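To convert, count from 1 in the sequence shown and add 19; that's our numbering.
A virtual CB, placed ideally from N, CA and C, is assigned to each residue, including glycine.
Source: prediction; values computed, not measured.
Input: a single structure, listed below in structure tokens.
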Amino acid sequence: MTAQLLVGTSGFSYSSWRGSFYPRRLKSAEMLSYYASRLSTVEVNTTFYRTQPDEVIAAWAASVPPSFRFAVKAHRRITHNRRMPNLETAMEVLAGEAASFGDRLGPLLFQLPPTAPFDESRIDRIMALAPTQWRIAFQFRHPSWHVPAVVEKLERLGAALVHGDGEEQPGPVGRGAFIYLRLRRQAYSAQRLIAWSRRIAGYLAQGKDVYAYFKHERLGPLYAEQLAARIRTSFRVGVEAGL
Numbered sequence: 020m021t022a023q024l025l026v027g028t029s030g031f032s033y034s035s036w037r038g039s040f041y042p043r044r045l046k047s048a049e050m051l052s053y054y055a056s057r058l059s060t061v062e063v064n065t066t067f068y069r070t071q072p073d074e075v076i077a078a079w080a081a082s083v084p085p086s087f088r089f090a091v092k093a094h095r096r097i098t099h100n101r102r103m104p105n106l107e108t109a110m111e112v113l114a115g116e117a118a119s120f121g122d123r124l125g126p127l128l129f130q131l132p133p134t135a136p137f138d139e140s141r142i143d144r145i146m147a148l149a150p151t152q153w154r155i156a157f158q159f160r161h162p163s164w165h166v167p168a169v170v171e172k173l174e175r176l177g178a179a180l181v182h183g184d185g186e187e188q189p190g191p192v193g194r195g196a197f198i199y200l201r202l203r204r205q206a207y208s209a210q211r212l213i214a215w216s217r218r219i220a221g222y223l224a225q226g227k228d229v230y231a232y233f234k235h236e237r238l239g240p241l242y243a244e245q246l247a248a249r250i251r252t253s254f255r256v257g258v259e260a261g262l
């Protein structure tokens with residue numbers, strides 16, 4: 020089975036994209052289906068702030084092709100309180116949201132804040148409550164997490180370690196059971212996109228699935244298209260396209 024390449028952005032519902040990515044007169048209700056006709060995945064960040072109704076998620080899932088994947092960001096009540104109170108309940112709510120995506124569900128992103136230092140029990144408690152079929156990605160933004168023992172633990176657990184390109188604490192790149200990239204720079208030159216395409220082609224050649232998300236700037240979806248097209252046309256690696 021060949022590795023999957025899925026490239027998109029963090030979010031999709033941005034009026035500022037009209038005229039650059041979206042047609043100028045495209046209705047807001049039609050944005051996701053149009054987005055999914057050009058890109059293969061989206062990172063859903065609204066789930067970080069509030070629980071989404073089942074019917075909303077079901078409508079999203081029905082708007083995209085079967086190969087499309089939603090990466091879902093875990094609610095801040097799970098990731099941004101060091102004591103993690105009521106974790107079992109919060110994880111049950113997240114599991115309900117995840118189930119509503121059906122077979123369009125991609126990775127679950129657990130992004131810890133920059134103020135959260137190393138605490139291995141946070142990984143253990145989340146993983147103990149997570150359904151075994153989930154693909155889980157952790158993003159640690161405090162430097163104390165960026166040690167070999169954490170990387171090795173996540174690899175043993177089948178999880179990914181997020182790399183945040185352009186962030187103050189980007190974290191190791193290319194480690195984990197699969198690859199999860201958050202490409203956060205305001206602008207990406209042709210040279211930088213070429214460099215990333217080469218690196219990603221290497222991960223795919225290793226048989227690792229790659230999920231990559233550009234920032235929700237006006238040019239974000241265009242960078243995503245350019246990166247995906249470059250990898251698929253320029254490198255002789257077995258890639259199962261997301262579209």
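Query, Result
"First through last residue of the alpha helix (DSSP H) which encompasses Pro126", "Careful: Pro126 lies outside any alpha helix (DSSP H), inside the beta strand (DSSP E) at Leu124 to Gln130."
"Contact under 7 angstroms by Cβ, His161 with Ala135", "yes"
"Ala90 versus Asn105: straight-line alpha-carbon distance, rounded", "23 angstroms"
"Per DSSP, cross-strand counterpart(s) of Glu62", "Ser29 and Ala90"
"Same chain, Cβ closer than 8 angstroms to Arg113, five either side skipped, listed in chain order", "The sequence given here has Leu at residue 113, not Arg. Thr66, Val91, Ala93, His94, Ile97 and Leu127, listed in sequence order."
"CA-to-CA distance, Asp138 to Phe31, given in whole angstroms", "33 angstroms"
"DSSP bridge partner residues for Asp16 (one or two, in chain order)", "This structure leaves residue 16 out entirely; the chain is present only between 20 and 262."
"Secondary structure of Tyr242, DSSP reduced to three states", "helix"
"Nearest-angstrom Cα separation, counted from Gly183 out to Gln130", "11 angstroms"
"DSSP state of Leu45 mapped onto helix, strand, coil", "coil"
"Cβ shell of Glu107 (< 8 angstroms), same chain only, five flanking positions each side left out", "Leu148"
"Chain-order list of residues whose beta-carbon lies under 6 angstroms from that of Pro189 (same chain, five-residue window excluded)", "His182 and Gly183"
"Selection from Ala209, Phe159, Pro150 and Leu173 that minimises the alpha carbon distance to Glu111", "Pro150"
"contact_flag[the segment 77-90, the segment 50-68] where n(CB pairs < 8 angstroms) is 3 or more", "yes"
"Contact test: Trp153 Cβ vs the ligand COA heavy atom, cutoff 6 angstroms", "Absent from the structure shown: the ligand COA. Ligands present: none."
"Inter-stretch contact (C-beta, 8 angstroms, three-pair minimum) for the segment 36-52 and the segment 69-76", "no"
"Inter-residue spacing [alpha-carbon to alpha-carbon] between Pro240 and Tyr230", "14 angstroms"
"Cβ-based burial, Thr290 [other Cβ within 10 Å; buried from 16]", "Outside the shown range of the chain (20 to 262) lies residue 290, about which nothing can therefore be said."
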